[in-house]
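2 protein chains.
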Amino acid sequence: MKRTTISDIARECGVSLSTVSLVLNNSPRISAKTRARVLAAVEKFGYQPNMQARALASRSSRMVSVVVPHLRHVFADIYFGEIVSGIYDYASEHDYKVMLDVANRKFVQNREYLNILKTRRVDGMLFIASSMEDTYLKEFDGRKDAFLLVNHYYPDTDLNYIMIDYKDSARQAAEHLTGLGHCRIGLIAGVNTYTGRDFRDAFIAACTCRGCREKDIVVTEGGRDWSQEDGFRAAEKLLSESQSITAIMAANDRMAIGAMRYVHTHGLKVPEDISIMGVDDIPDARFTTPGLTTVHHPLYTLGRRACEVVLQLFRGELDAGRELIAGALSKRESTAPPRDMR
Amino acid sequence: MKRTTISDIARECGVSLSTVSLVLNNSPRISAKTRARVLAAVEKFGYQPNMQARALASRSSRMVSVVVPHLRHVFADIYFGEIVSGIYDYASEHDYKVMLDVANRKFVQNREYLNILKTRRVDGMLFIASSMEDTYLKEFDGRKDAFLLVNHYYPDTDLNYIMIDYKDSARQAAEHLTGLGHCRIGLIAGVNTYTGRDFRDAFIAACTCRGCREKDIVVTEGGRDWSQEDGFRAAEKLLSESQSITAIMAANDRMAIGAMRYVHTHGLKVPEDISIMGVDDIPDARFTTPGLTTVHHPLYTLGRRACEVVLQLFRGELDAGRELIAGALSKRESTAPPRDMR
DNA sequence: AGACCGCAGTCAAGCGGTTAACCCAATACG
DNA sequence: CGTATTGGGTTAACCGCTTGACTGCGGTCT
Numbered sequence: 001m002k003r004t005t006i007s008d009i010a011r012e013c014g015v016s017l018s019t020v021s022l023v024l025n026n027s028p029r030i031s032a033k034t035r036a037r038v039l040a041a042v043e044k045f046g047y048q049p050n051m052q053a054r055a056l057a058s059r060s061s062r063m064v065s066v067v068v069p070h071l072r073h074v075f076a077d078i079y080f081g082e083i084v085s086g087i088y089d090y091a092s093e094h095d096y097k098v099m100l101d102v103a104n105r106k107f108v109q110n111r112e113y114l115n116i117l118k119t120r121r122v123d124g125m126l127f128i129a130s131s132m133e134d135t136y137l138k139e140f141d142g143r144k145d146a147f148l149l150v151n152h153y154y155p156d157t158d159l160n161y162i163m164i165d166y167k168d169s170a171r172q173a174a175e176h177l178t179g180l181g182h183c184r185i186g187l188i189a190g191v192n193t194y195t196g197r198d199f200r201d202a203f204i205a206a207c208t209c210r211g212c213r214e215k216d217i218v219v220t221e222g223g224r225d226w227s228q229e230d231g232f233r234a235a236e237k238l239l240s241e242s243q244s245i246t247a248i249m250a251a252n253d254r255m256a257i258g259a260m261r262y263v264h265t266h267g268l269k270v271p272e273d274i275s276i277m278g279v280d281d282i283p284d285a286r287f288t289t290p291g292l293t294t295v296h297h298p299l300y301t302l303g304r305r306a307c308e309v310v311l312q313l314f315r316g317e318l319d320a321g322r323e324l325i326a327g328a329l330s331k332r333e334s335t336a337p338p339r340d341m342r
Numbered sequence: 343m344k345r346t347t348i349s350d351i352a353r354e355c356g357v358s359l360s361t362v363s364l365v366l367n368n369s370p371r372i373s374a375k376t377r378a379r380v381l382a383a384v385e386k387f388g389y390q391p392n393m394q395a396r397a398l399a400s401r402s403s404r405m406v407s408v409v410v411p412h413l414r415h416v417f418a419d420i421y422f423g424e425i426v427s428g429i430y431d432y433a434s435e436h437d438y439k440v441m442l443d444v445a446n447r448k449f450v451q452n453r454e455y456l457n458i459l460k461t462r463r464v465d466g467m468l469f470i471a472s473s474m475e476d477t478y479l480k481e482f483d484g485r486k487d488a489f490l491l492v493n494h495y496y497p498d499t500d501l502n503y504i505m506i507d508y509k510d511s512a513r514q515a516a517e518h519l520t521g522l523g524h525c526r527i528g529l530i531a532g533v534n535t536y537t538g539r540d541f542r543d544a545f546i547a548a549c550t551c552r553g554c555r556e557k558d559i560v561v562t563e564g565g566r567d568w569s570q571e572d573g574f575r576a577a578e579k580l581l582s583e584s585q586s587i588t589a590i591m592a593a594n595d596r597m598a599i600g601a602m603r604y605v606h607t608h609g610l611k612v613p614e615d616i617s618i619m620g621v622d623d624i625p626d627a628r629f630t631t632p633g634l635t636t637v638h639h640p641l642y643t644l645g646r647r648a649c650e651v652v653l654q655l656f657r658g659e660l661d662a663g664r665e666l667i668a669g670a671l672s673k674r675e676s677t678a679p680p681r682d683m684r
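Those sequence lines, one after another, are chains X and R. The numbering used here puts the first residue of the first sequence at 1, with every later residue one more than the last. The numbering used here puts the first residue of the second sequence at 343, with every later residue one more than the last.
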């Protein structure tokens, strides 16, 4: 009841173990004739090499680890879902497998994030967007593991990252809104991430640069989940504190949708009374009423590229990887010139 | 720049390789004193055993594979998310890792579903709810791999499964609605799964058993995605074809929510004009207006148990595993007695 | 003709663990 | 006192594959 191994194939063909191995690894050192014989035997036995043995000998597990934050329904979040899909597809196309990890307390306390690489369980690790609180990431500073932050970064370290260019998205959003004539804008910011802060600062800078007075950009914090509820509450706060704003900019679509719901339930019309804009371009953004103007962020592509980079890092084809991917304005119906401009 | 291995530890302590190995595997054959010495060295070097080597020698990769269907946003689906979370948590608590797989064309054509087990990449496999079209699953019939269908089953095979008791949920739903006095009910069924068909048949049976006439249970097919849009369209069809129904039963919450949206946009009130009921109890069900009456399905628990079973199958502690997990009625505001009963 | 050079394979030393079988001193027992 | 048992380790044979070094050989170059 034993599984067939490489030596069964070798015996069957009357060649050595190494020959079979070389055939299986597409080495050019084997003649076409021998190769065909070996492959026929492989086919005949339905032979599949044992990945553990292969990994042990070759020092490559052909597996990457994807680490997602420990959030309530992280496996039901389109934001993470898109990135994971991108990673999975790229990995799969290159005969890699994806291992899942959740950065929960156990993961951090036991320092599993280091052990996973140390135990050679995976060739590389991808950390999807965690928050500023995840200071343990600093431990990777100085190590030369195939390690990549996906859609976030860690200041003052040499950690590799690939992420959406949030500053640029902020600029695009600011230009769109100011271009329509808005100059008193409420910003629902996400401040528990470095990218969220960058977005906030870049947005304010871009607005003032285009003629808004800094005090007319009213900032409120969304909340740590960046959820619809957070957006709802933030809009409530924003509108109760300053009635004069003509537009709300949210740091992601979910909060924008929550804000829109608040605005609607309070008898205001979007975009006639107030413009609302988000960031990310999640599928739902298309189906809100009115459709949500947002900055499209190619998260699937980001995931694919992240996986590509981490494999290059593993193979030593890359020393450091730091990339920014630009978003693009996606204009829908939730933004329009303010009332007094029409 | 080599990693520390088991022999480094052995040398440091002046014991043999096997002693270290036995300590690491909690063998009772080593004295407390020696054990302490070894563990101290392990600590000192920050040693972590190489999992590939361990897997090769011990014939266990301490990893399970989770296969999800190839759907549009499967990594962003609360239904799959809950199950995966359950699997992940159980696995993680037992020092297992989770490998991800998507049953896409490549996966099926290359018969990867067999290779993953053959190549010993994983100890067990969990297939989350696929449809009746996934006939390739039949190939597992007769094999004694640690293999489990999660929340579906395959008739006329010996494939192991663990799933929600959909027939029972159908009965509970039918009893709730008929109990309120409904006897003309529209059913939005999901018919591309065996469990969906069972649900439909059991629902009809339970209704007729409780006095409804079979022709008053109007059945329409939802669609292959079981999505809100599917529910929306199905409700439209249902209400245009038979105005007399007083309740709509959907085979899952998402379709129920879609149906509710249709009903609302057409000026009818839930539950005054028509009752609506779903199945699953996803988080959104709590936040609809009115709150959706549904049958709660413990998907997280299902995932946990599924992982437990598959590991027991792997260790040979279980020969076959076939389990049903019961749902429980979750009464909210979307169901009430029909107009003529009040 | 002799040195040299691929070409097509083979040899054998790993990769880093696990575990059945064995070994030896100390204790238990008749 | 001789023998069986047991606690605590060790030995060595794998697990199944990769890969650098080596070999034999026919053809090239000088």
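C-beta: ideal position from N, C-alpha, C; glycine also. Please read these numbers as outputs of a predicted model, since none were measured by experiment.
Beta-carbon neighbours of residue i, restricted to chain X and to distances below 7 Å
{"i": "R/G418", "result": "At residue 418 of chain R the sequence reads Ala, which differs from the Gly that was named. Neighbours of R/A418 on chain X, chain order: A76, D77, I78, G81."}
{"i": "R/H412", "result": "Going along chain X, no residue has its Cβ under 7 Å from R/H412, so there is no contact; the nearest lies around 10 Å."}
{"i": "R/A397", "result": "Q52"}
{"i": "R/S427", "result": "F75"}
Closest by C-alpha distance to residue i, when choosing among the options
{"i": "X/S61", "options": "R/V464, R/R379, R/A352", "result": "R/V464"}
{"i": "R/D540", "options": "R/S358, R/G564, R/D507", "result": "R/D507"}
{"i": "X/I138", "options": "X/P155, X/T195, X/A146, X/V150", "result": "Checking the sequence, you will find Lys at residue 138 of chain X rather than Ile. If we check each option's Cα against that of X/K138, X/P155 comes out closest."}
{"i": "R/V450", "options": "R/A544, R/T347, R/P411, R/S400", "result": "R/P411"}
{"i": "X/V15", "options": "X/T265, X/R304, X/T34, X/M51", "result": "X/T34"}
{"i": "X/T4", "options": "X/Y47, X/R143, X/A36", "result": "X/Y47"}
{"i": "X/G222", "options": "X/L180, X/G278, X/V270", "result": "X/G278"}
{"i": "X/G267", "options": "X/H297, X/D280, X/N252, X/E236", "result": "X/E236"}
{"i": "R/G532", "options": "R/N594, R/M505, R/E454, R/P640", "result": "R/N594"}
{"i": "R/D443", "options": "R/H436, R/A433, R/V426", "result": "R/V426"}
{"i": "R/I559", "options": "R/L413, R/I546, R/N368, R/G553", "result": "R/I546"}
{"i": "X/A55", "options": "R/T461, R/D572, R/D615", "result": "R/T461"}
Contacts around residue i, its chain only, beta-carbon distance under 6 Å, and the 5 residues preceding and following it disregarded
{"i": "R/H524", "result": "T588, A589, P680"}
{"i": "X/I282", "result": "I78, D253"}
{"i": "R/T550", "result": "E556"}
Chain-ordered chain R contacts of residue i [CB-CB under 7 Å]
{"i": "X/H266", "result": "Here the premise fails: no neighbours, minimum Cβ distance about 16 Å."}
{"i": "X/N50", "result": "T461, R462"}
{"i": "X/N151", "result": "By Cβ distance, chain R contributes nothing, its closest Cβ being about 15 Å from X/N151, past 7 Å."}
{"i": "X/N115", "result": "Q390"}
Beta-bridge partners of residue i, as assigned by DSSP
{"i": "R/E665", "result": "R/I504"}
{"i": "R/D510", "result": "DSSP lists no partner for R/D510."}
{"i": "R/S617", "result": "R/A589"}
{"i": "R/A670", "result": "R/H638"}
{"i": "X/T195", "result": "Looking at the DSSP assignment, X/T195 forms no beta bridge with any residue, so it has no partner."}
{"i": "X/S65", "result": "X/M99, X/M125"}
{"i": "R/G622", "result": "According to the sequence as given, residue 622 of chain R is Asp; it is not Gly. According to DSSP, which records beta bridges pairwise, R/D622 is partnered with R/H638."}
Cβ shell of residue i (< 8 Å), same chain only, five flanking positions each side left out
{"i": "X/N192", "result": "S131, M132, E133, R224"}
{"i": "R/F574", "result": "G600, A601, R603, Y604"}
{"i": "R/A378", "result": "none"}
{"i": "X/F314", "result": "S60, D123, G124, A146"}
Where residue i falls, given that 16 or more other Cβ within 10 Å makes a residue buried
{"i": "X/N160", "result": "buried"}
{"i": "R/T631", "result": "exposed"}
{"i": "X/M255", "result": "buried"}
{"i": "R/F629", "result": "exposed"}
{"i": "R/K673", "result": "exposed"}
{"i": "X/M341", "result": "exposed"}
{"i": "X/A57", "result": "exposed"}
Contact set between residue i and chain R, taken where Cβ atoms lie within less than 8 Å
{"i": "X/S275", "result": "Ordered by position in chain R, no residue passes the 8 Å Cβ test against X/S275, which lies about 25 Å from the chain."}
Nonlocal neighbours in the same chain, by C-beta distance under 7 Å from residue i, ignoring five residues either side
{"i": "X/L329", "result": "Q172, H176, V295"}
{"i": "X/G81", "result": "none"}
Chain X contact residues for residue i, given Cβ-Cβ distances below 8 Å
{"i": "R/K386", "result": "Per Cβ cutoff of 8 Å: no residues; R/K386 is ~15 Å from chain X at best."}
{"i": "R/K439", "result": "M99, L100, D101, R121"}
Residue i: contacting residues in chain R (beta-carbon distance under 9 Å)
{"i": "X/Y88", "result": "F417, L442, D443, V444"}
{"i": "X/S7", "result": "Under the 9 Å cutoff, chain R gives no residues; its nearest Cβ is about 15 Å from X/S7."}
{"i": "X/S227", "result": "The premise fails here: X/S227 is roughly 11 Å from chain R at the closest Cβ pair, so nothing lies under 9 Å."}
Within chain X, partners of residue i - CB distance below 9 Å
{"i": "R/K448", "result": "S92, E93"}
{"i": "R/P625", "result": "R72, H73, A76"}
{"i": "R/S672", "result": "Ordered by position in chain X, no residue passes the 9 Å Cβ test against R/S672, which lies about 18 Å from the chain."}
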